[in-house]
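*Asks:*
Numbering (the UniProt record's numbering), first residue to last: 1 to 573.
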């Protein structure tokens, strides 16, 4: 008994010195809250977590007053069967507007296709000629499938909506062929670009408008007086035929000034624009910033647009009316700059396997003048049999050719001779005095891709194969290094297409340097008349003042004034 009595104070002291463990208490409390119910299998811990998440998500007012209601709603959601898989989706006003435009587009194309199905077989046989004139739409869904096999292309949902948008373009606009050119990114919106050929009627109409603009106005320079009569009509009526006008007051003679400088600068002759359906304006391009919105036709470009675009690096904004601030100044808005960039991309990245296209006459390339072939039409070669994938991905790139027309430094596809134009204006006698102009030349149509200039010492195109596992499903892919985003594919059969998806910027090596401003010209010939003189000092002003003082009055000589008093005395006498 004595031992137990002695040990009791030690046990009490030991228990008093033990500190509480917070972690162990939290674990015990968490385990207690995680005890599952025998009826539902839920725990209070999970229920509290769901309640807190619901409160923080919705952030309702008076949470304390409606705490029991939230607890009941959380339990009800767990017990409700999930038969309805459609959830309420909130769309912002821009998204809702986009969905409405796409819905209108789908309805328009659906109604058009339904009308075509309602046409009977008899009417279809009678309208064979009309069937042949229907717009031809490139199967962008099929081509996009092969691009995705190579790691490029658009999402399937976006590609299908794009195909419907191209159908809408053929319904609303007078086009004969439609092809998806590509997608150009912008800071605020992206551009979907469609490449088209106009119908014969629409092309003739545009050519007539183009010719009317170039025709001079009627009656210019006829019946105009040599010297304009600035006399007001009222003054003419008052004065008779024999009456003389009042002499004018004599004007002061102006001071003699140095002669005005004569400019020695002569502007370059304006380069004529290529007509619609020719050269850089061979194709007509349409753009839209969202699928379902109306397609906007880009205007034809001038050689000056192309020349200035080559000296400018600018990212698109998505606004066709945006101002172009650059040097040299660009005459036009973003719609003209976008059209110029599309023309440059199409000329450099439109490639296809050798023999895929042929001229309309079927003649071989050797029998055709390349200067005339630069503007000739070409079509798909019906006798094309394809090349092997091994040949298409060969590093020499001997089986790929350009079917895009090369743009000369002049800004045209066909060189224009300014000397010949000056001779046509009646200067044949001064032919010897005209400066000789060397004609600009470039790669001919269907020239080999292997002849492209290198980019940073590397070939301008890189060839890849889509897969090495199944050779029968393999595709050849070419990717441009000069215009990042331009790709082209081909299989061993009769399929090939090219597309551009990028920012519309050309590779700049090593960096872009904008064009420097020209040196200002001398306005006057340097001479004493126009040179600034140094300001005079105080000593110079004082010397000038002393030198220009008036002369002093003459002094009287002695004895000259003695005669005056004598004369006065004589008068008094």
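Glycine included, every Cβ here is placed at the ideal spot set by N, Cα and C.
1. Out of 293, 316, 442 and 331, state which residue places its alpha-carbon closest to the alpha-carbon of residue 101.
2. Excluding sequence positions up to five away, which residues of its chain have a Cβ less than 7 Å from the Cβ of residue 149?
3. Just verifying my parser: in three-state terms, what is the DSSP assignment at residue 183?
4. To the nearest whole angstrom, what separates the beta carbons of residue 377 and residue 357, a pair I think is in contact under 8 Å?
5. Are residue 408 and residue 441 close, meaning C-beta to C-beta below 9 Å?
6. CB residue 498 to CB residue 352, shorter than 9 Å?
7. Would the stretch 176 to 184 and the stretch 135 to 150 be scored as touching if the rule is three or more Cβ pairs under 8 Å?
8. Which of the three DSSP states is assigned to residue 47 in this structure?
9. With three or more C-beta pairs closer than 8 Å as the rule, is the stretch 317 to 325 touching the stretch 204 to 216?
10. Does residue 135 come out as helix, strand or coil in the three-state DSSP assignment?
11. Are the beta-carbon atoms belonging to residue 455 and residue 531 less than 9 Å from one another?
12. What is the DSSP secondary structure of residue 152, counted as helix, strand or coil?
13. Note the first and the last residue of the continuous beta strand (DSSP E) segment covering residue 196.
14. Thinking just about the alpha-carbon of each residue, which of 92, 395, 446 and 309 is nearest to the one in residue 379?
15. Going along the chain, which residues of its own chain have a beta-carbon closer than 7 Å to the beta-carbon of residue 297, five neighbours each way excluded?
16. Rank 263, 485, 56 and 515 by C-alpha distance to the C-alpha of residue 502 and give the top, closest one.
17. Which residues bound the alpha helix (DSSP H) around residue 379?
18. Starting from residue 306, trace the alpha helix (DSSP H) both ways and give me its first and last residue.
19. Would residue 401 pass as a contact of residue 347 if the rule is Cβ separation under 9 Å?
20. Taking DSSP's pairing of strands, which residues face residue 173 in a bridge?
21. Check whether the Cβ atoms of residue 278 and residue 309 lie closer than 9 Å to each other.
22. Name the DSSP beta bridge partners of residue 479, please?
23. Can you give me the Cβ contacts of residue 389 inside the same chain, cut-off strictly under 8 Å, excluding the 5 residues immediately before and after it?
24. Check for me: the beta strand (DSSP E) holding residue 402 runs from which residue to which?
25. In terms of DSSP beta bridges, what is residue 210 paired with?
26. Less than 9 Å between the C-beta atoms of residue 165 and residue 265, yes or no?
27. If residue 460 and residue 482 are in contact, beta carbons under 8 Å, what's the gap, nearest whole angstrom?
28. May I ask which residues mark the beginning and end of the alpha helix (DSSP H) holding residue 72?
29. So, using beta-carbon positions, are residue 344 and residue 506 closer together than 9 Å?
30. Out of 170, 144, 161 and 73, which has the shortest C-alpha to C-alpha gap to residue 112?
31. Start and end of the beta strand (DSSP E) containing residue 351?
32. Are there 16 or more other CB atoms within 10 angstroms of the CB of residue 547, so buried, or fewer, so exposed?
33. For residue 534, which of helix, strand or coil comes out of DSSP?
34. By how many angstroms is the C-alpha of residue 188 removed from the C-alpha of residue 52?
35. Could you work out which residue in 43, 152 and 27 is closest to residue 34 when comparing CA atoms only?
36. Just reading off the beta strand (DSSP E) that residue 396 is part of, what are its end residues?
*Replies:* Working from what's here:
1. 293
2. 466 and 475
3. strand
4. Not quite, the Cβ-Cβ distance comes to about 10 Å (not below 8 Å), so this is no contact.
5. yes
6. yes
7. yes
8. helix
9. no
10. coil
11. no
12. coil
13. 191 to 198
14. 446
15. 284 and 286
16. 485
17. Not the alpha helix (DSSP H): residue 379 falls in the beta strand (DSSP E), residues 378 to 380.
18. 303 to 309
19. no
20. According to DSSP, which records beta bridges pairwise, residue 173 is partnered with nothing at all.
21. no
22. 462 and 487
23. 465, 471, 474, 475, 476, 491 and 492
24. 400 to 402
25. Answer is none; residue 210 lacks a bridge partner.
26. no
27. 5 Å
28. 67 to 79
29. yes
30. 170
31. 351 to 353
32. exposed
33. coil
34. 39 Å
35. 43
36. Counting along the chain, residue 396 falls outside any beta strand (DSSP E), and DSSP gives it neither H nor E.
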